[in-house]
Amino acid sequence: MSTRGERARRVGWWTILGVASLLTVMCVCLLFAAIRNDSAISAQLGTATATVDSVAFDRTIIHFETPDGIVHSPANGVLYPDGLAAGQLVRIEYDASDPELARVAGRSATLTLLPLGSFVFFTWLVAGPGLWWIRRQDKRAVVSA
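Those letters in the sequence shown? Residues 33 to 177, by the numbering used here.
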């Protein structure tokens with residue numbers, strides 16, 4: 033029969049492992065989503081000059097006109113907006129079949145590798161020692177028993 037301490041360490045170990053694994057899987061899914069968006073844009077590429085309406089932490093809103101004369105403003109903003117400022121004119125590439133999907137011209141999913149890779153690295157940099165420490169405590173408990 034296990035003691036209360038052993039059980040708590042086991043639950044803690046699985047919790048740390050589960051949270052770190054979940055965060056890693058979410059980052060991998062985000063990378064694949066960015067790659068999928070880029071391939072959708074590249075499959076039916078349209079280009080335009082857009083005006084940056086607003087820049088916020090979570091999205092950068094733009095508006096642009098397609099060749100059919102319709103003005104589009106993607107609700108989720110433009111992909112890869114780093115360095116843009118309100119009022120700026122910027123070349124964009126968009127999915128001609130879905131103009132709501134637009135990215136800044138010349139930028140791609142490779143820009144997501146550094147932030148996602150860093151996040152995964154630091155997640156495991158924190159989780160790894162925690163997992164090691166819990167295992168070490170388990171081994172000490174077995175030796176002293």
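Just so it is clear, CB atoms sit at the ideal spot from N, CA and C, and this is done for glycine as well. For clarity, every value in this text was computed on a predicted model and none was experimentally measured.
- the stretch 47-62 in contact with the stretch 95-104 per 3-pair CB rule at 8 Å: Not touching, per the Cβ criterion.
- Would you list the one or two residues that DSSP bridges to glutamate 125? Residue numbering aside, residue 125 sits at position 93 when the sequence shown is read from its first letter. Bridge partners of glutamate 125: Thr79 and Arg135.
- How many angstroms separate the CA atom of threonine 139 from the CA atom of arginine 41? Your numbering for residue 139 matches position 107 in the sequence shown. Your numbering for residue 41 matches position 9 in the sequence shown. What sits at residue 139 in the sequence shown is arginine, not threonine. One C-alpha to the other measures close to 45 Å.
- Query: How is serine 183 classed by DSSP in three states: helix, strand or coil?
  - Reply: There is simply no residue 183 to check, as the chain begins at 33 and stops at 177 in what is shown.
- Query: Could you give the distance in angstroms between the alpha-carbon of glycine 187 and the alpha-carbon of aspartate 70?
  - Reply: Residue numbering for the chain in the displayed model covers 33 to 177; residue 187 lies beyond these limits and cannot be assessed.
- Within the same chain, show all residues whose beta-carbon is closer than 6 Å to that of glycine 160, passing over the 5 residues directly before and after it, in chain order. Within the sequence shown, numbered from 1, the residue matching residue 160 stands at position 128. The answer is none, since no qualifying residue turns up.
- Should proline 131 go down as buried or exposed, given a rule of 16 or more other Cβ atoms within 10 Å for buried? Along the sequence shown, read from residue 1 onward, the residue named residue 131 stands at position 99. By the neighbour-count rule (16 or more Cβ atoms within 10 Å), proline 131 is buried.
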